[in-house]
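Some notes on the structure that comes next.
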Amino acid sequence: MGGYEDVFRASTEDPEGFWLGAAQAIDWHVAPTRALDASRPPFYRWFPDGELNVCHNALDRHVDAGRGGQAALVYDSPVTGTQRTYTYEQLRDEVARFAGVLAGLGVGRGDRVVIYLPMVPEAAIAMLACARIGAVHSVVFGGFAPKELAVRIDDAAPTVVVSASCGIEGKRVIEYKPLLDAAIEQATHKPAKRVILQRPQAEAALGPDDVDWAAAMASATPADCVPVRSTDPLYVLYTSGTTGKPKGVVRDSGGHAVALRWSMPNVYDVDTGETIFTASDVGWVVGHSYIVYAPLLAGATTVLYEGKPVGTPDAGQFWRVVAEHGVKSLFTAPTAFRAIKKEDPHGEYAQQYDLSGLRYLFLAGERLDPETYRWAADLLGIPVIDHWWQTETGWPIVANPAGIELLPTKPGSPTKPLPGWDVQVLDTSGKPVEPGTDGAIVVKLPMPPGSLPTLWNDDERFVQSYLAAFDGYYLTGDGGRIDSDGYVYVMGRTDDVINVAGHRLSTGGMEEVLASHPDVAECAVIGVADVMKGQVPRGFVVLKAGVERDEEQLRAELVQLVRDQVGAVASLKDVAVVPALPKTRSGKILRKTMRGIADGVDEPVPSTIDDATVLDALRPVLRRS
């Protein structure tokens with residue numbers, strides 16, 4: 001196949017041939033004769049004349065090939081003390097049976113099903129069951145507030161909601177049924193039925209519209225796979241919108257299957273029979289792509305983990321999972337490693353487990369600061385691969401392609417664009433900037449298979465949100481630069497660039513400096529309004545476990561570090577030591593919310609917040625002048 005440059009060149013010089021070739025790794029009911037339909041830009045469609053079933057590709061074809069006895073999904077739940085392994089044949093049979101449950105409740109091709117479940121095997125089973133009968137699933141993170149769930153129910157208009165009696169967040173048991181009942185009461189659209197998985201930690205009282213999962217499965221007739229068009233939607237996944245109304249990112253069936261199947265051996269170096277542990281949640285795109293669909297499309301073994309990186313019960317759980325289940329590639333967010341580093345700064349837990357089978361650590365979901373990169377690389381002695389992508393793109397835009405060629409790394413860069421992604425940096429007028437110059441990171445249209453074709457029932461908003469800023473380009477919303485070697489540096493959302501006395505400065509660059517201090521576990525820098533300078537930066541740092549410092553002295557050290565490495569123009573003079581930073585459940589620091597509170601704006605708290613008490617404790621610090 002050649003090295004990275006050869007593969008990337010093939011994808012740009014002959015994208016039609018490249019992606020039709022990749023499509024051969026998928027079973028088609030009707031094989032596509034062309035890759036791209038560009039007849040109605042900017043609404044591009046991939047493999048327009050193809051028909052397939054994604055569930056068949058994820059499960060049945062592996063059983064048909066004689067690998068039904070191979071492990072498909074390993075459920076590891078330290079919060080319940082449970083482990084369970086499903087072979088491909090067992091998982092296919094469970095999925096077929098639940099597909100029969102849904103069909104018996106009136107769900108058919110094109111109908112929507114909202115899935116509101118914790119990290120249990122039934123979440124993956126419900127997703128795949130929808131795909132099996134051609135229904136469209138929309139997973140909502142388990143435990144979301146009723147108002148947010150109601151908004152998603154109204155937008156997706158599901159025939160059925162699949163939920164559970166409870167979920168477990170760390171050491172807390174959260175009852176889901178009251179949240180679901182409240183959401184349906186608030187929603188205009190009323191789903192016909194709710195299927196409820198009863199969990200022993202907190203069973204729910206069922207009403208007349210509720211169906212018990214176990215009872216329904218016991219009497220269901222298994223359903224066969226229903227072929228759908230490649231361009232038919234597989235799922236809708238909601239991401240936050242600037243107007244407060246969530247955006248329903250649509251994922252098509254054929255393009256998604258081809259892109260994810262291609263990415264597993266080429267990006268993650270995981271193929272048939274090998275194991276990947278993606279420590280995320282099915283409520284996020286990472287869970288959709290790399291807990292459920294991509295590993296199963298590749299015939300790999302996937303680990304579904306119900307727990308946290310720390311506290312369930314300790315900072316060694318990721319290492320235990322890797323050792324016990326023979327994990328080759330571990331994929332999680334940088335914030336998880338910062339949490340592990342904070343609790344176990346010397347990596348003592350890692351020494352307790354046999355990690356000899358672990359070949360790669362992949363990190364994504366937010367910017368990987370060089371200090372966390374170095375800590376992980378030194379601890380594990382394996383390639384630590386930062387890669388960058390978004391809910392909208394469905395799979396990585398920029399990554400070090402481990403299965404093609406490991407390129408030299410540069411701390412702070414997720415390396416180079418993957419095949420199909422024409423990544424550029426533009427100035428405010430839409431002109432390409434010189435190498436090494438910061439600007440808006442964009443992707444030239446058309447984007448490759450697997451990326452969003454539109455938003456659910458809202459083509460106009462799709463264009464306005466992503467395509468209107470620069471004609472012919474997808475606006476990623478991230479700022480950064482590309483150096484003279486073609487390496488991409490993603491410095492954060494464009495609203496994380498601050499203007500200090502006319503100088504545009506990246507808060508990501510300042511965070512990089514603060515994180516390099518040996519006592520700092522994690523940090524955030526925000527720009528706050530200032531009468532004289534327009535904006536000034538304020539820093540917030542969390543110390544590593546066991547570190548006790550004189551705060552005034554530490555602040556002086558941190559301010560001097562930024563002065564030395566960024567320059568006096570940064571004007572960072574205010575650094576607060578705090579016990580924790582407010583984050584979303586996917587681990588992203590709520591910088592925009594922090595900035596709004598500091599500026600005295602009535603900033604709404606995002607529905608995705610992990611622990612509101614952390615933000616409440618920080619408010620007095622943020623509000624001081």
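Here the sequence shown stands for residues 1 to 625, where the numbers follow the UniProt record's numbering. Idealized CB from N, CA, C, for every residue including glycine. All of these numbers come straight from a predicted model, not from anything done at the bench.
Which same chain residues, not among the five before or five after Ile397, have their C-beta less than 6 Å away from its C-beta?
Trp388, Trp389 and Trp421
At least 3 beta-carbon pairs within less than 8 Å: the segment 42 to 57 vs the segment 481 to 490:
no
Under 8 Å between C-beta atoms of Ile382 and Leu358
yes
Alpha-carbon to alpha-carbon, Ala529 and Val575
16 Å
Nearest to Ala323 by alpha carbon, out of Val566, Lys308, Thr391 and Tyr349?
Tyr349
Ordered along the chain, which non-local residues of its own chain (more than five positions away) have a Cβ less than 8 Å from that of Val113?
Leu102, Val107, Ala126, Cys130, Ala135, Val136, His137, Ser138, Pro158, Thr159, Val160, Val161 and Val162
Counting along the chain, where does the beta strand (DSSP E) carrying Lys247 start and finish?
Lys247 to Asp252
Quick check: what's the CA-CA separation for Thr312 versus Val79?
6 Å
Using DSSP's beta-bridge definition, name the partner residues of Lys193.
Val160
Rounded distance between the beta-carbons of Ala71 and Thr301, thought under 8 Å
5 Å
Mind listing, in chain order, the continuous alpha helix (DSSP H) runs of no fewer than 4 residues lying wholly within the segment 293 to 326?
294 to 297 and 317 to 325
Rounded distance between the beta-carbons of Pro579 and Thr593, thought under 8 Å
Wrong, their Cβ atoms sit about 17 Å apart, outside the cutoff.
Can you name, in chain order, every residue of its own chain whose Cβ lies under 6 Å from the Cβ of Gly480, other than the five neighbours on each side?
Ile441, Tyr489, Val490 and Met491
CA-CA distance, Tyr155 and Asp111?
Here residue 155 turns out to be Asp, not Tyr, going by the sequence shown. Cα to Cα, Asp155 sits roughly 13 Å from Asp111.
Taking the alpha-carbon of Thr409 as reference, which of Glu392, Tyr290, Ala377 and Gly66 has the nearest alpha-carbon?
Ala377
Please look up how many angstroms separate the CB atoms of Glu252 and Pro453, rounded, as I've assumed it's under 8 Å.
Note that residue 252 corresponds to Asp in the displayed sequence, not to Glu. About 6 Å separates the two Cβ atoms, so the contact holds.
Sort out for me which residues DSSP pairs Tyr235 with in a bridge.
His137 and Arg251
So the alpha helix (DSSP H) Lys177 belongs to, where does it begin and stop?
Lys177 to Gln186
Beta-carbon spacing of Ala124, Ala223 below 8 Å
no
Just to confirm the assignment: which complete beta strand (DSSP E) runs, minimum length 3, are found wholly within the segment 374 to 425?
384 to 386
Stretch-stretch touch, CB-based, cutoff 8 Å, three pairs: the segment 3 to 12 with the segment 184 to 199
no
Considering only C-alpha positions, which residue in the set Ile174, Phe18 and Pro48 is nearest to Ala31?
Pro48
If contact is defined by three or more beta carbon pairs under 8 Å, each pair taking one atom from either stretch, is the segment 326 to 343 in contact with the segment 360 to 376?
yes
Residues bridged to Ala576 by DSSP?
Phe540
Would you call the CB atoms of Lys177 and Ser165 closer than 8 Å?
yes
Would you give the residue range spanned by the beta strand (DSSP E) that Leu73 belongs to?
Ala71 to Ser77
Span separating the alpha-carbon of Glu51 from that of Tyr353:
46 Å
Quick one: using the 10 Å Cβ neighbour count with 16 as the cut-off for buried, is His346 buried or exposed?
exposed
Using a Cβ-Cβ cutoff of less than 8 Å, which residues in the same chain neighbour Ser625 once the five nearest sequence positions on both sides are dropped?
In this prediction, Ser625 scores a pLDDT of 49, lower than 50, which makes its location untrustworthy; no coordinate-derived value is stated.
So which of Trp213, Ile404, Leu36 and Leu117 has the shortest CA-CA distance to Ile174?
Leu117
If we count Cβ pairs, one from each stretch, closer than 8 Å, do we get three or more for the segment 586 to 600 versus the segment 610 to 623?
yes
Thinking just about the alpha-carbon of each residue, which of Glu434, His29, Thr372 and Ala469 is nearest to the one in Arg229?
His29
Buried or exposed: which applies to Ala205, given that a residue is buried once 16 or more other Cβ atoms fall within 10 Å of its Cβ?
exposed
What are the partner residues of Pro432, as DSSP defines its beta bridges?
Leu426
Between Ser506, Val566 and Gly273, which lies nearest to Asp438 when the distance is taken from Cα to Cα?
Ser506
So for Thr613, helix, strand or coil by DSSP?
helix
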